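To start, the structure under review is shown below, and the notes come after it.
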Amino acid sequence: GEDVEQSLFLSVREGDSSVINCTYTDSSSTYLYWYKQEPGAGLQLLTYIFSNMDMKQDQRLTVLLNKKDKHLSLRIADTQTGDSAIYFCAESPILTGGGNKLTFGTGTQLKVEL
Amino acid sequence: KAGVTQTPRYLIKTRGQQVTLSCSPISGHRSVSWYQQTPGQGLQFLFEYFSETQRNKGNFPGRFSGRQFSNSRSEMNVSTLELGDSALYLCASSLNSGGTEAFFGQGTRLTVV
Chain A
-17 GEDVEQSLFL SVREGDSSVI NCTYTDSSST YLYWYKQEPG AGLQLLTYIF SNMDMKQDQR
43 LTVLLNKKDK HLSLRIADTQ TGDSAIYFCA ESPILTGGGN KLTFGTGTQL KVEL
Chain B
7 KAGVTQTPRY LIKTRGQQVT LSCSPISGHR SVSWYQQTPG QGLQFLFEYF SETQRNKGNF
67 PGRFSGRQFS NSRSEMNVST LELGDSALYL CASSLNSGGT EAFFGQGTRL TVV
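Protein sequences appear in the order of chains A and B. According to the numbering used here, the first sequence is numbered sequentially starting from -17. According to the numbering used here, the second sequence is numbered sequentially starting from 7.
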């Protein structure tokens, strides 16, 4: 079955880059997502990458995928206090019968200090 | 374009009661998935509905059920509520079933007392 792991906490200074890491186990083709959750809110989709890609960049966000090690990272450039939140990595395998089923990691609490 | 709308936002129920939560997906989206978020278990997949049919189901007891209407709106029902059902229930809307972006609503916070 699918399993997604993340470290629990990350603390960075404002203006620095943040790198949040995730490992997954599914060996089939899959979509990999990054979501952000602020206190009391739902999940905000930040970006996603298909498992045949190596990298995707979107403004301050860069996603890197190491397919061999099944390792995914999210880099946030010039981290701001508004980036403080929990970040979830999720995978969604391409199911034979179709369907959307996300398996989430435990989430990484990002704290941005002044 | 309106986002995913979940109602109600907050709910308090007593053990043994049943509850119905509602989700209106983004206009044009046909897939609705439900997730439960708790501090202990994290985010767990409940089920997905596409074109009024359940496509996938997670490992939850039969007390958890759902349905989807012809306008793609979905409801989930939990019967015989237990204290452990207290959670944030999140609904995700996708254009199609499989390999597409999933957009989440704000969730319904259910407290069982």
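All C-beta atoms in this analysis are idealised placements derived from N, C-alpha and C, irrespective of residue type, glycine included. Only a predicted model underlies this, so the values are computations on that prediction, with no experimental measurement involved.
- Exclusion of the five residues before and after residue 55 of chain B leaves 37, 38, 39, 61, 72, 73, 74, 80 as the residues of its chain whose Cβ lies within less than 8 Å of its Cβ.
- Taking C-beta separations shorter than 7 Å and ignoring five residues to either side along the sequence, the partners of residue 82 of chain A in its chain run 74, following chain order.
- Taking the beta carbon of residue 23 of chain A as reference, the chain B residues within 7 Å of it are 112, listed in sequence order.
- Against residue 107 of chain B, the close residues of chain A are 27, 30, in the order they occur along the chain (beta-carbon pairs closer than 7 Å).
- Listed as beta-bridge partners of residue 72 of chain B by DSSP are B:82.
- In the DSSP assignment, residue 31 of chain A falls within the beta strand (DSSP E) that extends over 25 to 32.
- Taking the Cα of residue 87 of chain A as reference, the smallest distance to any Cα among B:77, B:49, B:76, B:87 is reached at B:49.
- For the 8 Å CB-CB criterion, residue 12 of chain B and residue 114 of chain B form a contact.
- The Cβ atoms of residue 90 of chain A and residue -14 of chain A do not sit closer than 8 Å to each other.
- Taking C-alpha positions only, residue 68 of chain A is separated from residue 26 of chain A by approximately 10 Å.
- Residue 18 of chain A is classed as buried because its beta carbon has at least 16 other beta carbons within 10 Å across all chains shown.
- At a cut-off of 8 Å between beta-carbon atoms, residue 37 of chain B makes contact with chain A.
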